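Working notes, structure below.
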Amino acid sequence: MKTIIIAALAAVALAAPQYDYQAPAPAPSPSYIAPAASTRDDSYEQPDPVAILRDDRVHEEDGRFNVEFEAENGIVFAQSGSPDGPEDSVVKAGMYSYIAPDGTEVEVKYVADENGFQPQSDLLPVAPVFPHPIPQFVLDQIAFAAAEDERRARGEDSGEASAPVRSYAAPARPSNSYGAPQ
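Mapping of the sequence shown onto mature numbering (1 follows the signal peptide of the UniProt record, and there is no 0): residues -15 to -1, 1 to 167, in sequence order.
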């Protein structure tokens, strides 16, 4: 009985509220700090707007369109399209050109259809030639794979691997005794 009373008193003591209240921090003082100085460069002058020399847009009722645009700074854009692709997707063809920072004229002609965007330009990168001849062991492996595909196509090779010859099983009699190391 005494044990139950002591346990109940301990439970009441532990369940008592804990007063670890702390005073609030003092309020910040009302003050004003000026913003940092501006780092804007006052010598910057806004460039003059670029004049648009031509902006022609023609949209036909059957979905065909033609757009031509030319700006004073050398940007030229022309595009035409029609819903001739699969499921009436729009097939586009066009070109754009501009003057690069080094002064060269960049011209790109393109077609965009069910095969994707296909640009053509003298300035587009070209894939390098293959850097080295293909080693003989790679050619042998390619020939072996081709022969394997031919055998499989003729039905000579089922393509299934045989099961392993060696089988693994539990020991015949488990050991129940532990001996000292020898």
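Here a beta-carbon is modelled for each residue, glycine too, at the ideal position from N, C-alpha and C. Given the structure is predicted, the values throughout are model-derived calculations rather than measurements.
Note down the Cα distance separating residue i from residue j, rounded to an integer number of angstroms.
{"i": "Pro68", "j": "Ala56", "result": "28 Å"}
{"i": "Leu38", "j": "Phe54", "result": "8 Å"}
{"i": "Gln31", "j": "Gln105", "result": "35 Å"}
{"i": "Pro35", "j": "Ser82", "result": "First, the residue type needs correcting, since residue 35 is Val and not Pro in the sequence shown. Roughly 16 Å between the two C-alpha positions."}
{"i": "Glu135", "j": "Glu92", "result": "48 Å"}
{"i": "Gly48", "j": "Ile60", "result": "26 Å"}
{"i": "Ala141", "j": "Val114", "result": "Note on residue identity: the sequence assigns Glu, not Ala, to residue 141. Whole-angstrom Cα-Cα distance: 39 Å."}
{"i": "Val(-4)", "j": "Ala8", "result": "27 Å"}
{"i": "Glu72", "j": "Ala131", "result": "38 Å"}
{"i": "Ala154", "j": "Gln126", "result": "37 Å"}
{"i": "Phe116", "j": "Phe62", "result": "The sequence given here places Pro at residue 116; Phe does not occur at that position. Approximately 38 Å between the Cα atoms of the pair."}
{"i": "Val43", "j": "Ala22", "result": "52 Å"}
{"i": "Tyr17", "j": "Phe102", "result": "58 Å"}
{"i": "Leu(-2)", "j": "Pro20", "result": "54 Å"}
{"i": "Phe129", "j": "Pro118", "result": "19 Å"}
{"i": "Glu41", "j": "Ala138", "result": "Note on identity: in this sequence residue 41 is Asp, with Glu being the wrong assignment. Approximately 59 Å, taken between the alpha carbons."}
{"i": "Glu133", "j": "Leu124", "result": "14 Å"}
{"i": "Val111", "j": "Ala97", "result": "20 Å"}
{"i": "Pro11", "j": "Ser28", "result": "46 Å"}
Using DSSP's beta-bridge definition, name the partner residues of residue i.
{"i": "Asn100", "result": "Per DSSP, none; premise fails for Asn100."}
{"i": "Ser28", "result": "None, per the DSSP bridge assignment."}
{"i": "Ala12", "result": "Looking at the DSSP assignment, Ala12 forms no beta bridge with any residue, so it has no partner."}
{"i": "Asp33", "result": "BP columns for Asp33 are empty, so no partner."}
Report the option in the options whose CA atom is closest to the CA atom of residue i.
{"i": "Gly88", "options": "Asn58, Gly140, Ile119, Phe122", "result": "Asn58"}
{"i": "Glu46", "options": "Gly66, Ala19, Tyr29, Ala(-6)", "result": "Gly66"}
{"i": "residue 247", "options": "Gln103, Leu108, Ile119, Arg42", "result": "The structure shown does not extend to residue 247, since the chain is modelled only from -15 to 167, so the question has no answer here."}
Quick one: measure Cβ to Cβ for residue i and residue j, integer angstroms, because I've assumed they're closer than 8 Å.
{"i": "Gly79", "j": "Tyr95", "result": "6 Å"}
{"i": "Ser74", "j": "Glu99", "result": "6 Å"}
{"i": "Val52", "j": "Gln64", "result": "5 Å"}
message = As an exercise, report each continuous beta strand (DSSP E) stretch of at least 3 residues that is fully enclosed by the region 69 to 146, in chain order.
response = Here the runs fully enclosed are 76 to 84, 90 to 98, 101 to 105.
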